[in-house]
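With our numbering applied, the sequence shown corresponds to residues 1 to 122, in that order.
We treat Cβ as the ideally placed atom computed from N, Cα and C, and that holds for glycine.
Structure first, commentary second.
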Amino acid sequence: MANFRKDKEKNKNKNKNRNKAPEQEEVFRVRTPKDREVIGLTEQRLGGSRMRVRCLDGKTRVCRIPGRLKRSLWIREGDILLVEPWEYEPETKGDILFKYRPNQIEWLRRKGYLKDLEEAEF
């Protein structure tokens, strides 16, 4: 019985540390746009793993989440994304490749990748 109480106290202390606010994550690597890739901002969720994204090249595209990312990538309106336009219909359609986290967005702002985003006033 005494061992049970000690174990219960240990578990109680473990749970105290679990509720603390996470520290600011350090940025190690940030995926930047390469070749045809473009940074965009989610405007509207359309359903069926599709969303309307306003890209930094000035075009609005209907982008889809590829099957390999469907369950692991949850996107809301206002998220900053990395988009690859399709080879056919590159003006209106694209695939979502990556979702940036808040600390990565801050890094992109400091490095000047999101200047167009701030000027465009989405």
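Straight-line spacing of the CA atoms in Leu114 and Pro85 works out to 18 Å. Here the alpha carbon of Ile75 sits roughly 23 Å from the alpha carbon of Gly112.
In terms of Cα proximity to Glu37, the closest of Trp107, Asn103, Leu97 is Leu97.
Its Cα nearest to that of Thr32, the residue Leu82 stands out among Leu82, Lys93, Ile65, Gly78. Only residues of its own chain outside the window of five on either side were considered, and among them none has a CB closer than 6 Å to the CB of Leu69.
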